[in-house]
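Novice: One structure, pasted below without further comment.
In this note's numbering, the protein residues as written are 6 to 254.
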């Protein structure tokens with residue numbers, strides 16, 4: 006627990022928690038159950054281990070970064086890191102802490118604005134039931150159902166759902182420009198504005214390289230179609246040529 010006083014836990018339960026950034030690195034492909042390669046999605050068992058990487062109190066609230074490792078048969082297949090802002094949590098109530106092995110950001114200065122080659126734009130409409138469906142991920146934050154107090158908008162979409170739409174755009178981008186079977190090995194981004202249920206969003210994707218050493222790097226941003234507001238910034242992903250047709254990623 007990162008609170009100085011255990012009695013402050015009850016206050017913590019009522020404070021809004023905002024998803025600020027996310028990264029996901031795939032170390033290995035998910036192995037099919039019993040080495041089945043028939044193309045169907047058979048159930049597999051994945052074990053998760055989560056730890057706190059850093060606690061950073063600020064005037065606006067407290068930033069908490071966590072890391073989750075995904076294991077299949079004792080082999081680490083992926084590492085995810087997320088930073089959340091506990092909005093309004095006073096620095097005076099928090100024990101600040103920084104681990105020594107935080108995942109370093111990758112190419113955070115890249116934007117789609119300064120890359121002119123192989124750029125595509127992808128439009129998506131957020132369906133009314135998107136936030137409710139994403140509660141199946143285990144995130145029961147009430148802002149995804151009730152919205153924010155005093156706001157004129159409805160529920161806020163999960164950051165992971167927005168990143169999922171960006172991932173779909175990246176795969177569509179690669180299908181257009183490459184005949185190779187590519188799988189994603191890394192993706193990361195910052196969430197800078199909320200996405201609301203019913204929004205139309207535009208994902209811009211740009212290639213950074215042309216498939217050197219069988220891998221491709223791309224950057225991406227997400228915008229609200231109606232206003233042009235940037236919703237997701239500093240998006241970056243790496244794709245690698247698949248070795249087998251049975252890849253689950």
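Positions of the beta carbon are idealized from the N, C-alpha and C atoms, including for glycine.
Excluding five sequence neighbours on each side, which residues of the same chain lie with their C-beta closer than 8 Å to the C-beta of residue 142?
Specialist: Residue mapping note: residue 142 aligns to position 137 of the chain shown, counting from 1. If we look at residue 142 and ignore the five residues flanking it on each side, its Cβ neighbours are 163 and 165.
Novice: In terms of residues, what are the limits of the alpha helix (DSSP H) holding residue 16?
Specialist: In the chain shown, the residue the question calls residue 16 occupies position 11. 14-18 is the span of the alpha helix (DSSP H), which, as asked, contains residue 16.
Novice: Using a Cβ-Cβ cutoff of less than 8 Å, which residues in the same chain neighbour residue 7 once the five nearest sequence positions on both sides are dropped?
Specialist: Here residue 7 is taken as the residue at index 2 of the chain shown, counted from 1. If we look at residue 7 and ignore the five residues flanking it on each side, its Cβ neighbours are 57, 60, 67, 69, 99, 100 and 102.
Novice: Residue range of the alpha helix (DSSP H) that residue 66 falls in?
Specialist: Taking the first residue of the chain shown as position 1, residue 66 is located at position 61. First-last for residue 66: 66-77, but that is the beta strand (DSSP E), not the alpha helix (DSSP H).
Novice: Among residues of its own chain, excluding the 5 on either side of residue 135, which ones have a beta-carbon nearer than 7 Å to its beta-carbon?
Specialist: As a position in the chain shown, residue 135 is number 130, starting the count at 1. Excluding positions up to five away in sequence, the list reads 162, 166 and 202.
Novice: Would you check if the stretch 181-192 and the stretch 235-245 touch, i.e. whether three or more CB-CB distances between them fall below 8 Å?
Specialist: Contact between the stretch 235-245 and the stretch 181-192 is present, because at least three Cβ pairs lie under 8 Å.
Novice: Considering only the beta carbon of each residue, do residue 71 and residue 54 sit closer than 8 Å?
Specialist: Within the chain shown, numbered from 1, the residue matching residue 71 stands at position 66. Within the chain shown, numbered from 1, the residue matching residue 54 stands at position 49. No. Outside cutoff.
Novice: Evaluate residue 147 with the Cβ neighbour count: other Cβ atoms within 10 Å of its Cβ, from every protein chain shown; 16 or more gives buried, anything less gives exposed.
Specialist: Indexing the chain shown from 1 puts residue 147 at position 142. Label assigned to residue 147: exposed.
Novice: Give a yes or no on whether the C-beta atoms belonging to residue 208 and residue 221 are separated by under 8 Å.
Specialist: To locate residue 208, count along the chain shown from 1; it is residue 203. To locate residue 221, count along the chain shown from 1; it is residue 216. The answer is no: Cβ separation not under 8 Å.
Novice: When the Cα atoms are used, what is the spatial distance from residue 130 to residue 9?
Specialist: Against the chain shown, residue 130 aligns to sequence position 125. Against the chain shown, residue 9 aligns to sequence position 4. Distance between the alpha carbons of residue 130 and residue 9 is about 43 Å.
Novice: Pull up the CB-CB distance for residue 175 and residue 210, whole angstroms please, since I reckon it's below 8 Å.
Specialist: Reading the chain shown from its first residue, position 170 is the one you call residue 175. Reading the chain shown from its first residue, position 205 is the one you call residue 210. Yes, residue 175 and residue 210 are in contact; Cβ-Cβ is about 6 Å, under 8 Å.
Novice: Using C-beta distances below 6 Å, list every residue in its chain close to residue 247, excluding the 5 sequence neighbours before and after it, in chain order.
Specialist: For the purposes of this step, residue 247 is taken as residue 242 along the chain shown, with counting starting at 1. Cβ within range, chain order: 186 and 188.
Novice: Should residue 91 go down as buried or exposed, given a rule of 16 or more other Cβ atoms within 10 Å for buried?
Specialist: Walking along the chain shown from the start, residue 91 turns up at place 86. Residue 91 comes out buried.
Novice: In chain order, what residues of the same chain lie with their CB nearer than 7 Å to the CB of residue 20, ignoring the 5 residues before and after it?
Specialist: Taking the chain shown and counting its residues from 1, one reaches residue 20 at position 15. Answer for residue 20: 91, 92, 93 and 94, listed in chain order.
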